[in-house]
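Okay, structure first, notes after.
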Amino acid sequence: MSGVMFRQAFRDQRRTMLWFAFGAAVYVLAIIAFYPSIRDSTEQFEELLDAYPDAIKEAFGIDDFSTFAGFVGAEALNVIWPLVAAGFAIVVGSAAVAGEIERGSVDLWLSVPVARWRLLLAKIVAALIGLLVIVMTTVGAIAVGATAIDEWPGVGPLAAVLVTLPGIVVTVLGYAVLLSAAIGRRSVAAGLAAGITLLSYLFWIIANMSQDFNWLRYLSIFSAYDAQAALADATVHWTGLIVLALVGVVCMVAALVIFERRDALA
Amino acid sequence: MQLPIVVEQLTRTYGQRRGVADLSFQVEPGEVFGFLGPNGAGKSTTIRLLMGLIKPTSGVARIFGLDCWDDAPAVKSFVGYLPGEIHLPDRMTGAEMLDFFGAFRNHDRRRRDELVERFGADLRPKIGHLSKGNKQKLAVVQALMHEAPLLILDEPSSGLDPLMQAEFSEVLEEERQRGRTVFLSSHDLSEVERVADRVAIIRDGRIVAVEQVEQLARTRERQMEVVFDQPVRLEQFDRIQGVRLIESRRDGHVIVLGVRGNPKPLLKLLAELPVSDFTYGPPDLESIFLHYYSETPVDPAGEADR
């Protein structure tokens, strides 16, 4: 890796990273702020929930609105958070190689005496640290918000959330960078990465709703991710997490190899 | 010592489209080597091959003995590079940009400051707010500040105003005197004649000739348009060595001549004629191609440079 490139890449993404971190935190806090009104009228909400078909509840992970973890998990962490964080991964990841090629800055970028893979690795590491900042901001927001409404979940669950959140986004970052290196056009790479992410989400919903299509869960990155359980009782699905991280890392290594060999040309 | 640049049978195609074919040339230490050709001839493709940005289809390019593709990172520590189309990071200031590119190598801060001053580059604003000429100045400083033994410059004077072009030619001359080797591409024959020692001429992706610049000056033609007060006999011009009559207008009041080599005999003749005005055009690149390939048909719409 190149330290000079890492520092520059981190600076370049700083503003994007802070906005995504801010957005994620604000959303989580807003959901948490809404929770007391539900907690205080649990019975009505339970009745309301009972009116939903089971399939819908299962699909969206809305099994339990009466607990803090159940509510925050369903409304913030299960779906919205990964999609927001995936947004950051896609914006930064799809630009890594394709952005330089499209802007025409690739020839100057590659005029430095450092191997291409080291330059790209520096960008990937900068993006990973950016993701970590977003994760930590989110967990911090949960801790602060929960304390404010007397729902402190405990260190264990917070630590479990901290471990669980990054997995899915590392995967998204992996394929966004891979598409960026392979295709060399930023909008196409970003569009495909976003498409894969949404399709994966769709597979997860369908798999949860229908027994017949339950096999689709194996095609979805969301199946390996359960932040709600982490927040509820500090459960970490290690296998899923490792699979997500591995897929991400394999994509990143493939991106490095492809970038080493491809023409640096639009 | 390894030569700064050795290119052997270098070929690069882009699918069906032509890139460059079978290029061979060498650049000697301490010379300014011009790479001359019209737009689309394959100059940028060649430079991309030298800079390891694209992979050769066949053949090899070496810089100081290192393979430009396989050893690309090492090669770049010997090269100061000025791209043809300059896209600097818009959100950085000039100073940040120079710091960034400088941090990858040991660059001499004094040399950088000196270059900044000479070219009047403005380091404070964000690069996105600078004019094209000011961006070009920053890119020139960036290329020269590393004190690299080899400079690869793609159309260096495009975008610089005439004053800066003169400054740039002077800096190149100094670099040469300090023993550096310069490879520069251009479509402008007069620029190459001004700064280069030797020149390779490329057209349609192939090298037409590699010549000393003096030799080139004897080969290429300049057009002279002469206006007379009264008509003159046209056949007297054809008799002069190196001069041909291209056309005559207004019943012999205006003639256009192609002049190769030394213009002295022509000037002697003109001095005795009733000349009222004349213009002497810049050296003409096309005339060199006509010289080298008077019988080979050429494809005017080259497409190698993108």
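These protein sequence lines map, in sequence, to chains A and B.
Here the first sequence stands for residues 1 to 266, where the numbers follow this note's numbering.
Here the second sequence stands for residues 1001 to 1306, where the numbers follow this note's numbering.
Heads up, the beta-carbon is just placed ideally off N, CA and C, and yes, glycines get one too.
Practice item. If I'm right that Ala-69 (chain A) touches Pro-166 (chain A) with Cβ under 8 Å, what's the distance once you round it to whole angstroms? Key: No, Ala-69 (chain A) and Pro-166 (chain A) are not in contact; Cβ-Cβ is about 19 Å, not under 8 Å.
Exercise for review: Determine which residues of the segment 1031-1060 of chain B have a Cβ less than 8 Å from any Cβ of chain A, and write them out in chain order.
Suggested key: Arg-1048, Met-1051, Gly-1052, Leu-1053, Ile-1054 and Lys-1055
Practice item. Can you grab the Cα-Cα spacing for the pair Ile-1255 (chain B) / Val-1032 (chain B), in whole Å? Key: 37 Å
Review point. Is Ile-1246 (chain B) buried or exposed, if buried means 16 or more other CB atoms sit within 10 Å of its CB?
Key: exposed
Point to revise | Spatial neighbours of Ile-31 (chain A) in its chain, beta-carbon cut-off 7 Å, leaving aside the 5 residues before and after | key: Val-72, Glu-75 and Ala-76
Review point. In chain A, what lies closer than 7 Å to Phe-1101 (chain B) by C-beta?
Key: Val-112
**Study point:** Cβ neighbour criterion (16 or more within 10 Å) applied to Gly-3 (chain A)
**Key:** exposed
Review point. Among all the DSSP beta bridges, which residues are the ones paired with Ala-1200 (chain B)?
Key: B:Phe-1035 and B:Val-1210
Practice item. Check Met-1224 (chain B) in the structure and name its three-state DSSP category. Key: strand
Point to revise | Contacting positions in the segment 113-125 of chain A - beta carbon closer than 9 Å to chain B | key: Pro-113, Val-114, Ala-115, Arg-116 and Arg-118
Practice item. Could you tell me which uninterrupted beta strand (DSSP E) segments, each at least 3 residues in length, are contained entirely in the segment 94-170 of chain A, listed from first to last along the chain? Key: none
Review point. When you compare only the Cα positions, how much space is there between Ile-168 (chain A) and Arg-261 (chain A)?
Key: 28 Å
Review point. Among the residues of its own chain, which have a CB less than 8 Å from the CB of Gly-1030 (chain B), if the five just before and after it don't count?
Key: Arg-1176, Gly-1179, Arg-1180 and Thr-1181
Practice item. Report the three-state DSSP secondary structure of Arg-185 (chain A) (helix, strand or coil). Key: coil
Exercise for review: Look up Thr-235 (chain A) in the DSSP assignment and say whether it is helix, strand or coil.
Suggested key: coil
Review point. Within 9 Å (strictly less), CB to CB, does Ser-1077 (chain B) reach chain A?
Key: yes
Review point. What first and last residue would you give for the alpha helix (DSSP H) that runs through Thr-1046 (chain B)?
Key: 1043-1050
Review point. Where does Ala-1304 (chain B) fall in DSSP's three states?
Key: Because Ala-1304 (chain B) carries a pLDDT of 42, less than 50, the predicted location of this residue cannot be relied on, and no value is offered for it.
Check your understanding: Do Lys-1076 (chain B) and Gly-1059 (chain B) have their C-beta atoms within less than 9 Å of each other?
Key -> no
Practice item. List in chain order: all unbroken alpha helix (DSSP H) runs of 4+ residues lying wholly within the segment 1215-1299 of chain B. Key: 1235-1238, 1264-1271 and 1285-1292
Check your understanding: Does the beta carbon of Pro-1283 (chain B) come closer than 9 Å to any beta carbon on chain A?
Key -> no
Review point. Per DSSP, Gln-1026 (chain B) is paired with what?
Key: B:Val-1006
Check your understanding: Are the CB atoms of Leu-131 (chain A) and Ala-1139 (chain B) nearer to each other than 9 Å?
Key -> no
Check your understanding: Quick one: does Ile-1086 (chain B) have its CB under 9 Å from some CB of chain A?
Key -> yes
Check your understanding: If you check the beta carbons only, do Val-177 (chain A) and Val-91 (chain A) fall under 9 Å apart?
Key -> no
Point to revise | Local Cβ density within 10 Å of Asn-1039 (chain B), reported as buried at 16 or more and exposed below that | key: exposed
Practice item. Excluding the 5 residues preceding and the 5 following Thr-138 (chain A) in the sequence, name in chain order all residues of the same chain whose CB lies nearer than 7 Å to its CB. Key: Ala-24, Ala-25, Val-28, Trp-81 and Leu-165
Check your understanding: Which term fits Ala-1304 (chain B), buried or exposed, when burial requires 16 or more other beta carbons within 10 angstroms of its beta carbon?
Key -> Note that Ala-1304 (chain B) scores a pLDDT of 42, beneath 50, so its modelled location is shaky and nothing firm can be said.
Exercise for review: Less than 8 Å between the CB atoms is what I'm expecting for Pro-1283 (chain B) and Arg-1220 (chain B), so what's the real figure, rounded?
Suggested key: 5 Å
Exercise for review: Starting from Val-1171 (chain B), trace the beta strand (DSSP E) both ways and give me its first and last residue.
Suggested key: Here Val-1171 (chain B) belongs to no beta strand (DSSP E); instead the alpha helix (DSSP H) covers 1162-1177.
Exercise for review: Use the C-beta contact count for Arg-1233 (chain B): other C-beta atoms within 10 angstroms, 16 or more gives buried, fewer gives exposed.
Suggested key: exposed
Check your understanding: Whose C-beta lies closer than 6 Å to the C-beta of Ala-264 (chain A) among residues of the same chain, with five residues either side of it excluded?
Key -> Val-106 and Leu-110
**Study point:** CA-to-CA distance, Leu-1036 (chain B) to Ile-1202 (chain B), given in whole angstroms
**Key:** 6 Å
Exercise for review: Helix, strand or coil for Ala-1148 (chain B), going by three-state DSSP, please let me know.
Suggested key: coil
Practice item. Leaving out five residues on either side along the sequence, give the residues of the same chain with a beta carbon under 8 Å from the beta carbon of Asp-1099 (chain B). Key: none
**Study point:** Same chain, Cβ closer than 8 Å to Leu-120 (chain A), neighbours up to 5 away in sequence not counted
**Key:** Ala-96, Val-97, Val-177, Ala-181, Ala-255, Leu-256 and Phe-259
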